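A.B. asks: Sharing a structure below in structure tokens format, with a few things to ask.
Number of protein chains: 4
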Amino acid sequence: MIVVMKSEATDEQIEKVVSTIKELGYKAHVIKGVLRTVIGAVGDERGKPHHLESLSILEGVEKVVPILQPYKLASREFKPDNTIVKVGNVEIGGNKIVVMAGPCSVENEEQIIETAIAVKNAGASILRGGAYKPRTSPYTFQGLGEEGLKLLAKARQITGLPVVTEILDPHDLDVIAEYSDMLQIGARNAQNYALLKHVGRCNKPVLLKRGMATTITEFLMAAEYILSEGNPNVVLCERGIRTFETATRNTFDLNAIPVLKEKTHLPVLADPSHGTGYWQYVTPMALAAIAAGADGLLIEVHYKPEIAVSDGGQSLKPSKFAALMEKARAVAKAVGREI
Amino acid sequence: MIVVMKSEATDEQIEKVVSTIKELGYKAHVIKGVLRTVIGAVGDERGKPHHLESLSILEGVEKVVPILQPYKLASREFKPDNTIVKVGNVEIGGNKIVVMAGPCSVENEEQIIETAIAVKNAGASILRGGAYKPRTSPYTFQGLGEEGLKLLAKARQITGLPVVTEILDPHDLDVIAEYSDMLQIGARNAQNYALLKHVGRCNKPVLLKRGMATTITEFLMAAEYILSEGNPNVVLCERGIRTFETATRNTFDLNAIPVLKEKTHLPVLADPSHGTGYWQYVTPMALAAIAAGADGLLIEVHYKPEIAVSDGGQSLKPSKFAALMEKARAVAKAVGREI
Amino acid sequence: MIVVMKSEATDEQIEKVVSTIKELGYKAHVIKGVLRTVIGAVGDERGKPHHLESLSILEGVEKVVPILQPYKLASREFKPDNTIVKVGNVEIGGNKIVVMAGPCSVENEEQIIETAIAVKNAGASILRGGAYKPRTSPYTFQGLGEEGLKLLAKARQITGLPVVTEILDPHDLDVIAEYSDMLQIGARNAQNYALLKHVGRCNKPVLLKRGMATTITEFLMAAEYILSEGNPNVVLCERGIRTFETATRNTFDLNAIPVLKEKTHLPVLADPSHGTGYWQYVTPMALAAIAAGADGLLIEVHYKPEIAVSDGGQSLKPSKFAALMEKARAVAKAVGREI
Amino acid sequence: MIVVMKSEATDEQIEKVVSTIKELGYKAHVIKGVLRTVIGAVGDERGKPHHLESLSILEGVEKVVPILQPYKLASREFKPDNTIVKVGNVEIGGNKIVVMAGPCSVENEEQIIETAIAVKNAGASILRGGAYKPRTSPYTFQGLGEEGLKLLAKARQITGLPVVTEILDPHDLDVIAEYSDMLQIGARNAQNYALLKHVGRCNKPVLLKRGMATTITEFLMAAEYILSEGNPNVVLCERGIRTFETATRNTFDLNAIPVLKEKTHLPVLADPSHGTGYWQYVTPMALAAIAAGADGLLIEVHYKPEIAVSDGGQSLKPSKFAALMEKARAVAKAVGREI
């Protein structure tokens with residue numbers, strides 16, 4: 032932590048900062064500059080009860096600048112090698128790019144089974160589908176609940192594809208864990224720390240989506256919540272952030288992919304369906320995600336998007352998804368990977 | 032819902048949109064423009080299983096524009112008069128501006144009791160303090176839990192101030208409801224719909240904070256989740272949104288106050304402590320919030336901010352809080368209200 | 032400038048950073064931390080040809096953190112007392128709050144004269160009106176040009192109000208300076224450095240609006256461009272930034288007012304008309320701006336807003352403007368100022 | 032334009048809206064819905080003096096929703112085929128992906144010549160370099176001016192690469208046009224309409240960068256300014272928008288590429304150097320841009336980035352640029368294009 036003093040700060044004010052740093056358990060290192068003094072506080076803040084940011088309230092302090100990244104278990108410094116997360120028999124994080132596909136919501140048996148068979152045939156290796164849905168409105172379809180989980184399990188039985196589905200309420204953890212192979216934490220719960228702790232204490236792999244206003248550092252801190260509870264099987268997923276642009280539903284932040292690959296050992300997926308919100312942009316942005324280094328894709332596919340109860344506008348028909356997979360294989364090969 | 036067709040859309044494509052609108056249970060109304068055709072879909076979407084936004088996937092459709100606001104119980108159209116929410120004996124939403132004050136976290140008995148007495152003496156009417164804390168890092172202080180709740184109850188006994196405290200985990204609902212007078216849903220849980228439903232089913236008033244990337248419409252939809260479960264006692268709180276500006280911790284969006292007062296009957300508070308993130312901006316922005324029409328303030332006060340375990344940099348000392356209250360009374364009077 | 036090294040940085044890499052810092056004309060100060068080394072570079076970057084941010088490309092460097100604010104003439108450190116800018120006989124930056132009002136565009140003689148008389152009668156002290164308009168579309172009204180300037184001058188003659196109007200093209204500087212008392216740089220030109228230099232070399236006061244994506248630091252750097260060319264008469268104006276929220280046209284960032292008043296000696300105005308974009312929010316946000324410490328207001332007033340050629344939706348009718356002024360006087364008094 | 036009435040709007044208010052629409056020269060089409068009335072205004076707004084957005088000020092109106100996109104010449108509806116822009120002998124917008132590379136600023140003869148030779152050898156087909164620089168600070172290097180232009184011309188003579196360079200001030204148009212092959216409008220001038228009109232009246236191709244807060248619609252409107260003045264040779268360039276994320280210098284919005292390719296016939300380039308701001312992210316994001324459908328790249332290359340006077344941190348060394356080109360060729364081939 033670096034404390035920057037105001038140019039008019041007095042020696043007494045500087046001394047007070049130094050003594051407070053020491054009281055809080057750190058070493059202080061004073062650098063007198065041409066225009067102002069800065070004070071380095073040396074020591075690891077993680078685990079300490081008192082934090083140095085409160086120094087900003089002392090007189091003469093202009094600002095307090097953090098130096099250390101606050102995450103540890105998630106960092107590549109801590110673990111230089113890529114983590115491989117296994118979901119059923121599928122490995123995420125290796126050279127092979129993993130594609131998860133399926134409908135936004137499980138609606139009925141025909142829909143989920145037909146869609147599951149279609150995505151499997153096109154080359155997807157994990158089936159996605161929501162049984163508990165976080166809808167902006169309480170008046171829209173909230174998911175089939177346990178009935179939806181059973182249909183997902185049936186689709187898995189038929190296709191052999193492992194299943195990922197979203198959890199919203201800690202009370203549903205047991206039932207969701209029973210039927211699914213991977214738990215998804217959605218964007219709106221990316222900083223729901225209570226839920227993160229609950230999934231951190233179970234032994235299922237977790238697909239953690241970035242929140243709409245979550246910085247990359249905060250995203251890694253959210254992963255750290257899960258890791259620090261003992262669950263090492265976390266897969267990150269970029270799915271768009273919220274900006275001023277409205278031509279896309281979100282601003283799919285592909286930059287996050289190389290940034291995350293640099294800063295963490297965890298696998299990084301990309302969700303161009305939510306990221307863009309329009310089916311016609313899904314394929315180019317899926318290819319871009321692979322070129323940028325993503326370890327996998329999450330794609331919404333619906334056998335009849337125009338009657339989908341949710342997110343129809345961003346879902347691909349099976350034929351378009353198959354065409355996407357064909358192109359994705361070519362781009363993956365161009366960057367030295369396979370699908 | 033208005034469906035805008037592409038300029039080159041064929042008659043067949045227009046007819047397909049019209050027939051799909053009818054199949055989904057709405058009436059269709061076609062307007063042929065100079066450059067393109069638009070189709071109005073007449074009917075209330077709320078409660079219908081199929082939504083018209085999926086029409087965007089039909090061929091020839093350029094975009095689908097929603098017309099209705101999606102909230103109902105929260106809207107001023109539904110209930111033109113201001114709602115008054117009672118917390119203990121304190122009424123929120125009337126002519127009197129209500130000030131909630133206290134520390135970010137309950138740290139120990141001396142801290143919470145001394146701070147509670149100080150804010151009461153300065154004119155606050157509700158005590159705030161966190162026992163369960165949503166911290167960005169799993170390695171920082173997570174709150175005293177039930178012990179913190181007991182200290183808040185003790186502070187209430189001594190000062191007579193009702194107590195508001197945050198809930199993070201549905202599992203803690205009973206114990207928090209036992210000790211406190213109002214439940215706070217924090218910014219990171221503003222779209223945690225599972226938690227919103229749980230507090231919607233209990234009979235405690237709820238202080239709902241706006242999320243960092245929550246639009247005003249989504250904020251009202253989050254309130255609608257609580258209202259539609261049967262709990263009418265919701266108080267909204269603007270606390271800053273996330274933007275590119277870093278001179279403040281968040282961008283405290285005061286515009287939300289007149290917008291919300293126009294669109295909803297629910298009381299609207301402002302939290303300039305989180306909104307700005309720096310103690311020196313809290314007083315001017317608190318005064319601005321009152322001038323903009325806020326029904327109350329949420330202010331972080333700590334008897335010794337420089338040793339606070341959380342948010343020290345944005346907390347006011349009791350003397351500065353008392354000075355704020357003095358100025359706030361003058362501004363309230365200028366806009367025809369009292370504190 | 033603080034250079035933060037990676038935790039795995041070698042001694043050679045640290046030494047290379049130190050030697051490069053010295054070559055570039057600064058002193059280096061090494062702090063060995065528990066987890067990583069940071070290197071302080073001591074010296075004033077302003078005026079130096081080579082900048083330290085390029086150090087980020089050296090091996091072993093994690094990031095480079097700037098310490099100094101980059102502006103000088105605009106800073107309160109440089110000039111602690113408030114600057115008073117005179118426009119005609121009107122002083123901006125003193126205890127008296129200055130209100131500039133008038134239409135978005137000058138449309139015709141009746142419109143500008145009637146509106147000017149109305150705003151004067153209500154208590155405005157400067158007339159605003161656009162003769163050269165920065166419109167998003169080339170197909171919309173671009174302003175009356177010199178004819179508009181003459182009408183503004185006529186309105187000044189009748190009412191005695193000094194006139195502020197926008198400049199878009201350096202080629203128009205002479206003609207605009209001839210007819211007006213103050214030059215406005217609009218939001219879209221806030222970082223048009225060529226234009227800033229041109230107005231910095233003339234002797235007219237400048238009203239500099241914040242850009243839609245301009246941080247407060249960049250805003251002060253834009254002012255610095257004008258000041259450093261020799262023109263000390265700069266008035267800043269907050270007018271809304273661009274965020275994800277669409278309930279208002281922009282997000283009027285009132286926080287900028289106390290932040291700017293802390294960091295600079297220049298006067299700070301607020302423009303709630305552009306800031307919010309809807310007439311019904313202009314009055315509450317104008318009052319909020321005064322409570323937050325603004326030195327003045329910029330308000331769009333049109334004698335017949337429903338037929339305005341630009342920005343009708345955010346313009347006040349004269350009667351509503353007069354009511355705003357009445358309320359503004361009360362709030363100004365409450366914070367120890369007058370209008 | 033669709034006018035949405037409030038649910039409580041009276042028949043008189045609806046009638047007033049209808050009559051005003053007619054007075055302004057449009058046809059009105061009323062749709063009575065279950066909960067509210069909407070009124071379609073039929074007619075092309077482009078070229079009309081009075082705009083319908085001002086209808087929002089009429090009583091009973093809830094909001095006014097635009098239907099038409101406001102650009103015409105830039106739209107793919109107007110011109111379905113891709114536009115090819117020729118710069119020297121280089122064609123932009125065809126199947127071949129065009130790479131523009133070079134330093135941020137022209138610093139001296141050795142630097143520009145050596146860098147130009149290096150980028151040519153690696154496969155770049157246009158040389159970029161700034162002679163007039165838009166720097167955030169007036170105290171940093173502002174470019175060599177005409178001397179820089181002469182050095183660019185010399186580099187062209189040696190390498191045969193056409194030259195693109197930025198224009199800031201309309202006064203410099205003649206001299207820049209004399210020495211260069213393409214004029215660049217930078218992000219800070221993306222809505223400097225005076226400058227756009229000036230370059231629209233000259234016969235040089237224009238490289239128009241997206242502004243930091245410019246929506247895609249506004250970006251196309253900026254292009255429309257140039258096109259409507261008679262210059263059809265406009266190339267668009269995505270270079271990052273401003274969001275809350277600080278891990279990258281800007282948020283490089285790759286989504287803009289498929290969106291722009293859908294909406295306009297103009298060529299679309301991508302600038303991952305400014306888009307990300309860090310050299311280590313330039314290569315993956317350059318590959319992603321190609322996969323997303325970009326017609327070309329703009330890459331900062333400096334022969335010695337650590338001593339660059341500007342943007343050193345985001346510049347590639349020639350060896351890294353050559354490696355990027357190698358990978359780019361593979362990705363281009365995978366999506367059916369060549370470099």
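Protein chains in written order, with our numbering: chain A, 32 to 370; chain B, 32 to 370; chain C, 32 to 370; chain D, 32 to 370. Note that CB positions come from ideal geometry on N, CA and C, so glycine has one too. Owing to the predicted nature of the structure, the values given are computational and were not obtained by experimental measurement.
1) Use the C-beta contact count for R280(B): other C-beta atoms within 10 angstroms, 16 or more gives buried, fewer gives exposed.
2) Please list the residues of the stretch 269–294 of chain D that have a C-beta atom closer than 7 Å to any C-beta atom in chain C, keeping them in chain order.
3) Using the beta-carbon count (16 or more within 10 Å), is K228(D) buried or exposed?
4) Straight-line CA distance for I88(C) to L347(A)?
5) Please confirm whether G174(A) has its beta-carbon closer than 8 Å to some beta-carbon of chain C.
6) What residue from I189(B), G91(B), A225(B) and R219(B) has the CA that sits closest to P201(B)'s CA?
7) Give me, in chain order, the residues of the same chain whose beta-carbon lies closer than 8 Å to that of I62(C); leave out the 5 immediate sequence neighbours on both sides.
8) Note down, in chain order, every chain D residue with its Cβ under 9 Å from the Cβ of G324(A).
9) Should G367(D) be labelled buried (16 or more other beta-carbon atoms within 10 Å of its own) or exposed?
10) With 8 Å set as the bound, which would you pick, yes or no: does the beta-carbon of P101(A) sit closer than that to a beta-carbon of chain B?
11) Got a sec: is the Cβ-Cβ distance from Y210(A) to anything in chain B below 8 Å?
12) According to DSSP, is E141(D) helix, strand or coil?
13) Taking Cβ positions, are R241(B) and E197(B) nearer each other than 8 Å?
14) Just to confirm the assignment, what range does the beta strand (DSSP E) spanning G71(C) have?
15) From what residue to what residue does the alpha helix (DSSP H) around L355(D) run?
16) I'd like the span of the beta strand (DSSP E) that includes Q215(A), first residue to last.
17) Measuring straight from C-alpha to C-alpha, what distance separates T114(B) and H296(B)?
18) When you compare only the Cα positions, how much space is there between L180(D) and C135(D)?
19) Going by DSSP in three states, L83(D) sits in which element: helix, strand or coil?
20) So is the beta-carbon of G124(B) under 7 Å away from any non-hydrogen atom of the ligand SAH?
21) Quick one: does I45(C) have its CB under 8 Å from some CB of chain A?
22) Along chain C, in chain order, which residues have C-beta atoms closer than 8 Å to that of G215(D)?
23) Would you mind working out which of E249(D), A147(D) and E260(D) sits nearest V130(D), comparing C-alpha positions?
24) Which one or two residues does DSSP pair with H296(A) in a beta bridge?
25) Looking at I143(B): is its Cβ nearer than 8 Å to the Cβ of L104(B)?
26) So, is V195(A) buried or exposed, given that buried needs 16 or more other C-beta atoms within 10 angstroms?
27) Would you mind reading off the limits of the beta strand (DSSP E) that contains M316(B)?
28) Between V73(A) and the rest of its own chain, which residues show a CB-CB distance below 7 Å, the 5 nearest in sequence each way excluded?
29) Between K63(C) and chain B, is any beta-carbon pair separated by less than 8 Å?
30) Between the Cα of A218(A) and the Cα atoms of A244(A), V206(A), K235(A) and P193(A), which residue gives the shortest distance?
31) Below 7 Å between beta carbons is the criterion; list the residues of the stretch 134–153 of chain D that meet it against any residue of chain C, in chain order.
32) With a threshold of 8 Å between beta carbons, is N220(A) in contact with chain B?
33) Would you mind listing the alpha helix (DSSP H) stretches within the stretch 229–284 of chain A that are 4+ residues and don't spill past its ends, in chain order?
34) Would you mind telling me which residues of chain D sit closer than 9 Å to K110(A), beta carbon to beta carbon, in chain order?
35) Find the residues of chain B that neighbour T167(A), judging by a C-beta separation of less than 8 Å, and give them in chain order.
36) Report the neighbours of T246(C) on chain F: residues whose CB is nearer than 9 Å to its CB, in chain order.
C.D. replies: Let me spell this out:
1) buried
2) R273
3) buried
4) 42 Å
5) no
6) A225(B)
7) T68, V69, I70 and G71
8) P315, L318 and A319
9) exposed
10) yes
11) no
12) helix
13) no
14) T68 to V73
15) P349 to A365
16) M213 to I216
17) 5 Å
18) 13 Å
19) helix
20) Because no ligand of any kind appears in the structure shown, any question about the ligand SAH cannot be addressed here.
21) no
22) The amino acid at residue 215(D) is misidentified as Gly; the sequence shows Gln. The premise fails here: Q215(D) is roughly 14 Å from chain C at the closest Cβ pair, so nothing lies under 8 Å.
23) A147(D)
24) H296(A) pairs with nothing; no bridge assigned.
25) no
26) buried
27) Unbroken run through M316(B) is the alpha helix (DSSP H), W310 to A323; no beta strand (DSSP E).
28) Y57, K58 and H60
29) no
30) A244(A)
31) none
32) yes
33) 247–259
34) Result: empty, since nearest Cβ-Cβ is about 20 Å, beyond 9 Å.
35) P101, Q222, E249 and M252
36) This model lacks chain F altogether; the protein chains it does include are A, B, C and D.
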